[in-house]
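Position one of the sequence shown corresponds to residue 81 (our numbering), numbered consecutively onward.
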Amino acid sequence: MRAAQYYGKKDVRVEEIDDPPVGEGEVEISIAYAGICGTDRHEYVAGPILIPDAEPHPATGERLPVTLGHEVSGTVEAVGEGVTAVEPGDRVTVNPMLPCGECQYCLAGKHNVCVDLGFVGLSGGGGGFAERLVVDEDNAVPIPDDVSLKEASLVEPFSVGLHAVRHSPVRTGDSVAVFGTGPIGLTVIQAARAAGARRILVSEPQAGRREIAEEIGADVTLDPTEVDPVEEIRERTEDGVEVAFEVAGVDASFSQALRSTQHDGHLRVVSVYEDDVTFNPNEVVTVERTISGTNVYTGGPRSGEEYGMTLSMIESGAFDPSALITDLVDLDDVVAGFESLLSDDGQVKILVEP
Ligand SMILES: [Zn+2]
Ligand SMILES: [Zn+2]
81 MRAAQYYGKK DVRVEEIDDP PVGEGEVEIS IAYAGICGTD RHEYVAGPIL
131 IPDAEPHPAT GERLPVTLGH EVSGTVEAVG EGVTAVEPGD RVTVNPMLPC
181 GECQYCLAGK HNVCVDLGFV GLSGGGGGFA ERLVVDEDNA VPIPDDVSLK
231 EASLVEPFSV GLHAVRHSPV RTGDSVAVFG TGPIGLTVIQ AARAAGARRI
281 LVSEPQAGRR EIAEEIGADV TLDPTEVDPV EEIRERTEDG VEVAFEVAGV
331 DASFSQALRS TQHDGHLRVV SVYEDDVTFN PNEVVTVERT ISGTNVYTGG
381 PRSGEEYGMT LSMIESGAFD PSALITDLVD LDDVVAGFES LLSDDGQVKI
431 LVEP
């Protein structure tokens, strides 16, 4: 079958590889769509970062080249012995988390902070930029009839937004700030709105992304290259927001997001950072602010929990994945898709179709 294999920085090749065998407890999925994620883009530009290079990943025993793509939807093609949750013909999305299942965090049900956490499409174990993918039964989450395969390919990023807000202190009537409105920032906006945020204020330097943020429900969008977002947000709220989400992953926005919260406010860090950040701890200590982190969603045997919530939210219309999809490319053109994400400000989510 054809698959997009990651060999290293700016080196992704679409090539013919062996069809993955379907073992006991496993599910073979014929891929419909797979989204290019910010993480994939990061690996393409500056990797290998999370992709195992010198050492094989403990979750898969594999190192590069690996197949990319972890935001996946498709149809079950075949099932291995003992599989009961799905059958051939079922439409599914993939929860890509590969927790070890044995560490203290996995045993406590916190698979998203597993000591050896891996991901389908990054750590080996196949990926979505291919014709087919084989995963454990746990990883294949059935899609309700009213959710399309296109929408279902965005369940992964929407579950990141859902988890970030669900475990935050956002309450009905709060004001919320979102720094950075790439795909994940946009899912955070929709999740915060669904959680009852009264007012959502956004800081984002790219005009195209500010436009989409407004379309999906942001009340105020600010260009941090033109105005001071902290000053603007504090002025337009009661001395700041109750909760700010940092989804840009850069030094400046970390401190800005922190200072945009009220005294006793909360900064929720969603981004993965390439570099250290600088901030004055007095901004936390003297006004009793809190900083917390959030990582992906429930996984392993709990794969269907937050994925199921996200699917219901899409079904009810509370989440609108279609607003984020800006392009569709053939698997053979996946490299052009990566390049387009780098050069075109208007791109948010590009889907790859095998
Ligand atoms: Zn992703
Ligand atoms: Zn573990």
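Beta carbons: idealized from backbone N, C-alpha and C, even for Gly.
According to the DSSP secondary-structure assignment, residue 222 is paired through a beta bridge with 172. Closest by C-alpha distance to residue 145, out of 288, 155, 132, 152, is 132. The closest CA to that of residue 260, considering only 237, 327, 232, is found on 327. CA-to-CA, the gap between residue 251 and residue 317 works out to about 16 Å. Under DSSP, residue 85 takes part in a beta bridge, and its partners are 93, 147.
In terms of side-chain proximity, the C-beta atom of residue 119 is found nearer than 7 Å to a non-hydrogen atom of ligand 1. For residue 295, there is no enclosing beta strand (DSSP E); the enclosing alpha helix (DSSP H) has its first and last residue at 287-295. If you draw a 10 Å sphere on the C-beta of residue 307, you find fewer than 16 other C-beta atoms in it, and that means exposed. Note on geometry: alpha-carbon atoms of residue 147 and residue 271 lie some 30 Å from one another. Each of 179, 180, 183, 186, 194 has a C-beta closer than 5 Å to some heavy atom of ligand 2; these make up the full list, in chain order.
By the CB criterion at 8 Å, residue 313 and residue 296 fall outside the cutoff. The C-beta distance from residue 404 to residue 376 rounds to 18 Å, too long to fall under 8 Å, and the pair is not in contact.
Assigned with DSSP and collapsed to three states, residue 428 falls in coil, not helix or strand. In the three-state reduction of the DSSP assignment, residue 329 falls in the coil class, being assigned neither a helical nor a strand state. At a Cβ-Cβ threshold of 8 Å, residue 236 and residue 123 do not count as neighbours. By the neighbour-count criterion, in which 16 or more other beta carbons inside 10 Å mark a residue as buried, residue 338 falls on the buried side.
Within 10 angstroms of the beta-carbon of residue 126 lie fewer than 16 other beta-carbons, which makes it exposed. Here DSSP, grouped into helix, strand and coil, assigns residue 124 to helix. Residue pairing from DSSP places residue 106 in a beta bridge opposite 216. Excluding the 5 residues flanking it on each side, residue 265 has same chain C-beta neighbours closer than 6 Å at 258, 327, in chain order.
The three-state secondary structure of residue 369, taken from DSSP, is coil.
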